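Peer 1:
Protein chains: 2
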Amino acid sequence: MRSPAQRAVLAMLLEVAGTPKPGNVDRQREYPDLRFEHFLAGAIGALPGLRAAVEGRSIGAAFETAVAGMSDQEGGNTQFGTLLLLVPLVAVAADDSSSLAPQAVTDHIEATTVEDAAAFYRALEHVSVAAGDPPADAAAIDVRRGADAIPAVRDRELSLYDVMALGSDQDGVAAEWTSGFDRSFAGAARLGDLDGGVLDRTADLFIELLAAQPDTHVRNQHGGTVANEICERAGDLIDADPAAIDQFATELIDREINPGTTADITAGALFIALHRGVITV
Amino acid sequence: MRSPAQRAVLAMLLEVAGTPKPGNVDRQREYPDLRFEHFLAGAIGALPGLRAAVEGRSIGAAFETAVAGMSDQEGGNTQFGTLLLLVPLVAVAADDSSSLAPQAVTDHIEATTVEDAAAFYRALEHVSVAAGDPPADAAAIDVRRGADAIPAVRDRELSLYDVMALGSDQDGVAAEWTSGFDRSFAGAARLGDLDGGVLDRTADLFIELLAAQPDTHVRNQHGGTVANEICERAGDLIDADPAAIDQFATELIDREINPGTTADITAGALFIALHRGVITV
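Line order of the protein sequences matches chains A and B. The numbering of the first sequence is the working numbering, which starts it at 13 and goes up by one. The numbering of the second sequence is the working numbering, which starts it at 13 and goes up by one.
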């Protein structure tokens with residue numbers, strides 16, 4: 013019986029192993045400087061932070077530890093957004109090992125504090141993240157400022173949940189926080205319904221998620237037009253010939269378009285599905 | 013900074029991710045019932061046993077825990093032999109984080125007891141292993157008997173080291189125990205000398221090890237003639253065209269010939285190389 017922390021690492025490994033996942037590093041495709049092994053090392057590195065969440069450390073502190081460990085590899089930011097989903101999920105899974113109810117997750121993250129928010133901003137110091145411009149009144153707490161934003165966060169008495177709420181229009185992971193992790197939970201159920209081995213289901217879920225909403229990581233890096241194009245084209249590829257998906261995957265790698273938010277939600281769904289026994293390995 | 017246990021899991025993940033590794037599951041090839049995800053889950057499952065070794069639990073108890081966790085997946089025996097190398101290596105790495113000297117490993121395993129041997133036989137209950145016929149005077153302690161062999165092990169007062177010494181002609185992992193882990197240490201040094209990313213080096217080392225000695229797992233499953241054939245043909249593939257190695261890899265999967273001992277030693281070499289900083293990820 014795997015612990016919640018082991019299950020979370022396994023979810024991260026399954027996510028990166030599922031192929032094809034157009035634009036992202038997977039078993040078959042990688043970038044010259046961001047390779048498969050960096051994701052393996054990132055997942056293993058996150059373990060102490062994930063264990064801290066199981067042991068009841070606050071979400072912010074556990075997340076900061078997880079990100080510090082994840083980023084201790086040479087590929088750069090591999091799984092920041094994934095951990096922002098997995099840390100609260102793991103914390104609740106450890107509390108309530110029976111069901112991992114969406115409401116329990118929301119209750120848990122609504123209870124985050126200003127200190128959790130400060131830890132989140134410190135975690136940003138370990139990585140380079142792609143983010144859109146914040147709303148005009150939120151420039152002082154722009155995530156791109158990293159730890160420099162902490163005084164403004166304290167002044168405004170923002171909890172980590174508040175910070176996520178402010179970013180939820182910009183970032184699909186933040187939107188999960190304020191929507192009861194709805195795409196992650198729906199994705200977990202979908203993993204149970206799809207056919208084939210767990211890695212085939214992972215790849216199929218990824219395409220479906222990519223087709224359902226423009227990826228915010230793509231939008232922040234390449235703009236809304238590109239994000240919408242990728243979303244529409246993914247829609248045409250659901251149940252398409254594998255060769256067509258492979259071609260799309262190769263094209264996106266060539267264009268350096270990687271739908272990272274969709275990968276994050278895929279990993280969240282994998283964790284929930286593993287925890288609930290919807291999928292087994 | 014990864015802990016020794018994290019480093020050992022990473023070594024297991026890098027081993028299975030290196031491709032092509034003819035005959036074995038890797039990123040590109042798998043068997044219908046023994047797939048890439050089973051190796052990912054096996055590596056993560058081994059973690060509590062590896063941590064037990066770091067924390068000073070006896071080699072046998074840590075190994076039994078590691079194997080129980082490793083085998084908690086649906087593919088069957090993925091990494092039994094690998095863990096038989098990694099558990100003592102991790103234990104010594106935790107004691108002596110500076111250098112991991114071969115003599116320290118030998119000293120550590122020579123100090124194993126009858127209880128370590130009993131735990132090893134209990135660990136066999138979790139998996140199905142391929143083993144050759146034991147010497148005539150060792151039928152009572154045949155590893156294929158699993159825990160049933162424990163009374164005979166106690167009668168003869170055999171330590172785990174003694175058991176490995178009795179099996180060293182039959183099994184390349186046992187031979188590592190009695191030879192100062194010489195192939196693992198030499199492999200670690202070789203990983204530093206080879207070119208390319210860590211997974212390319214992993215695949216190159218695998219071919220070199222396969223060419224250097226007939227794989228005992230292949231010999232136990234398919235006989236000496238086949239093991240010698242694979243060894244000789246691997247020799248022709250060192251520095252060969254990648255297409256030729258790919259063709260050989262596909263052929264071995266078709267013939268269900270998997271050089272598992274060579275993979276085990278590759279994983280041992282990866283752990284040592286990671287620990288010493290000979291390779292980085």
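Every residue, glycine too, gets a C-beta built ideally from N, C-alpha and C. The structure displayed is predicted, hence computed values, not measured ones.
As a quick exercise: from Glu-86(B), Gly-87(B), Leu-97(B), pick the residue whose alpha carbon is nearest that of Ala-78(B).
Peer 2: Restricting attention to Glu-86(B), Gly-87(B), Leu-97(B), the CA atom closest to the CA of Ala-78(B) is found in Leu-97(B).
Peer 1: Leaving out five residues on either side along the sequence, give the residues of the same chain with a beta carbon under 7 angstroms from the beta carbon of Thr-274(A).
Peer 2: Phe-218, Leu-221, Leu-222, Asp-227
Peer 1: Reducing DSSP to helix, strand and coil, say where Glu-137(B) ends up.
Peer 2: Look at Glu-137(B) here: in three-state DSSP terms it is coil, with no helix or strand label.
Peer 1: Could you tell me the distance, in whole angstroms, from the CA atom of Asp-154(B) to the CA atom of Leu-136(B)?
Peer 2: 11 angstroms
Peer 1: Measure the Cβ-Cβ separation of Ala-58(A) and Leu-95(A) and say whether it is below 8 angstroms.
Peer 2: yes
Peer 1: Mind listing the chain A neighbours of Gly-98(B)? Cutoff is C-beta to C-beta under 7 angstroms, in chain order.
Peer 2: In the sequence under discussion, the amino acid at residue 98(B) is Leu, which differs from the Gly named in the question. None at all; the shortest Cβ gap to chain A is about 14 angstroms.
Peer 1: Mind listing the chain A neighbours of Gly-233(B)? Cutoff is C-beta to C-beta under 8 angstroms, in chain order.
Peer 2: Note that residue 233(B) corresponds to Gln in the displayed sequence, not to Gly. Near Gln-233(B) there are no residues of chain A at all, since even the closest Cβ is about 25 angstroms away, more than 8 angstroms.
Peer 1: Considering only their Cβ atoms, is the gap separating Val-293(A) from Glu-86(B) smaller than 8 angstroms?
Peer 2: Yes.
Peer 1: His-50(A) CB to nearest chain B CB: under 8 angstroms?
Peer 2: yes
Peer 1: Quick check on DSSP: helix, strand or coil for Leu-286(B)?
Peer 2: helix
Peer 1: Looking at Val-238(B): is its Cβ nearer than 8 angstroms to the Cβ of Ile-269(B)?
Peer 2: yes
Peer 1: So, is Met-82(A) buried or exposed, given that buried needs 16 or more other C-beta atoms within 10 angstroms?
Peer 2: buried
Peer 1: Is the stretch 277-286 of chain B in contact with the stretch 253-269 of chain B, if contact means three or more CB pairs nearer than 8 angstroms?
Peer 2: The count of Cβ pairs closer than 8 angstroms, one atom from the stretch 277-286 of chain B and one from the stretch 253-269 of chain B, stays below three, leaving the stretches out of contact.
Peer 1: Against chain B, does Asp-276(A) count as a neighbour if the rule is that its beta carbon must be under 8 angstroms from one of theirs?
Peer 2: no
Peer 1: For the alpha helix (DSSP H) that Val-66(B) lies in, which residues bound it at each end?
Peer 2: From DSSP, the alpha helix (DSSP H) with Val-66(B) extends over 59-66.
Peer 1: Who are the neighbours of Gly-57(B) on chain A, taking C-beta pairs under 9 angstroms?
Peer 2: For Gly-57(B), the residues of chain A that pass the 9 angstroms Cβ criterion are Arg-14, Gln-18, Leu-22, in the order they occur in the chain.
Peer 1: Drop a sphere of 10 angstroms on the beta-carbon of Ile-250(A), count the other beta-carbons inside from all chains shown, and report buried for 16 or more, exposed for fewer.
Peer 2: With fewer than 16 other Cβ atoms within 10 Å, it is exposed.
Peer 1: Give the straight-line distance between the Cα atoms of Ala-201(B) and Phe-75(B), rounded to the nearest whole angstrom.
Peer 2: 26 angstroms
Peer 1: If we call anything under 8 angstroms between Cβ atoms a contact, is Pro-32(A) one with Ile-242(A)?
Peer 2: no
Peer 1: Would you mind giving the Cβ-Cβ distance between Val-185(A) and Gly-93(A), rounded to the nearest angstrom? I have them listed as a contact below 8 angstroms.
Peer 2: 4 angstroms
Peer 1: Using a C-beta cutoff of 8 angstroms, does Glu-12(A) count as contacting chain B?
Peer 2: The structure shown does not extend to residue 12(A), since chain A is modelled only from 13 through 293, so no value can be given for it.
Peer 1: When the Cα atoms are used, what is the spatial distance from Ala-159(B) to Ala-130(B)?
Peer 2: 7 angstroms
Peer 1: May I have the straight-line CA-CA distance separating Gly-179(A) from Ser-171(A), to the nearest angstrom?
Peer 2: If I take the Cα positions, the gap works out to 13 angstroms.
Peer 1: Scan the stretch 63-115 of chain B and note each continuous alpha helix (DSSP H) run of 4 residues or more that stays entirely inside, going in chain order.
Peer 2: 71-82, 92-107
Peer 1: Could you give the distance in angstroms between the alpha-carbon of Leu-46(B) and the alpha-carbon of Val-37(B)?
Peer 2: 8 angstroms
Peer 1: Taking the beta carbon of Tyr-43(B) as the centre, do at least 16 other beta carbons fall within 10 Å, making it buried, or is it exposed?
Peer 2: exposed
Peer 1: One question on the structure: do Ala-161(B) and Pro-16(B) come within less than 8 angstroms of each other, judged by their Cβ atoms?
Peer 2: The beta carbons of Ala-161(B) and Pro-16(B) sit no closer together than 8 angstroms.
Peer 1: Quick one: what does DSSP say Leu-172(B) is sitting in, helix, strand or coil?
Peer 2: helix
Peer 1: Does the contact criterion of 3 or more C-beta pairs under 8 angstroms hold for the stretch 142-149 of chain B versus the stretch 229-236 of chain B?
Peer 2: yes
Peer 1: Round the Cβ separation of Ile-56(A) and Val-21(A) to the nearest angstrom and send it over; I've been treating them as touching at under 8 angstroms.
Peer 2: 7 angstroms
Peer 1: Are the Cβ atoms of Leu-264(A) and Pro-34(A) separated by less than 8 angstroms?
Peer 2: yes
Peer 1: Nearest to Asn-240(A) by CA position, among Asp-253(A), Asp-248(A), Gln-225(A), is which residue?
Peer 2: Gln-225(A)
Peer 1: Are Phe-197(B) and Pro-114(B) close, meaning C-beta to C-beta below 8 angstroms?
Peer 2: A contact, by the Cβ cut-off of 8 angstroms.
Peer 1: Which class does Glu-268(B) belong to by DSSP, given the choice of helix, strand or coil?
Peer 2: coil
Peer 1: Anything in chain A within Cβ reach of Val-210(B), meaning under 7 angstroms, just list it in chain order.
Peer 2: Glu-49
Peer 1: Name the residues in the stretch 280-292 of chain B whose C-beta lies less than 8 angstroms from a C-beta of chain A; which are they?
Peer 2: Thr-292
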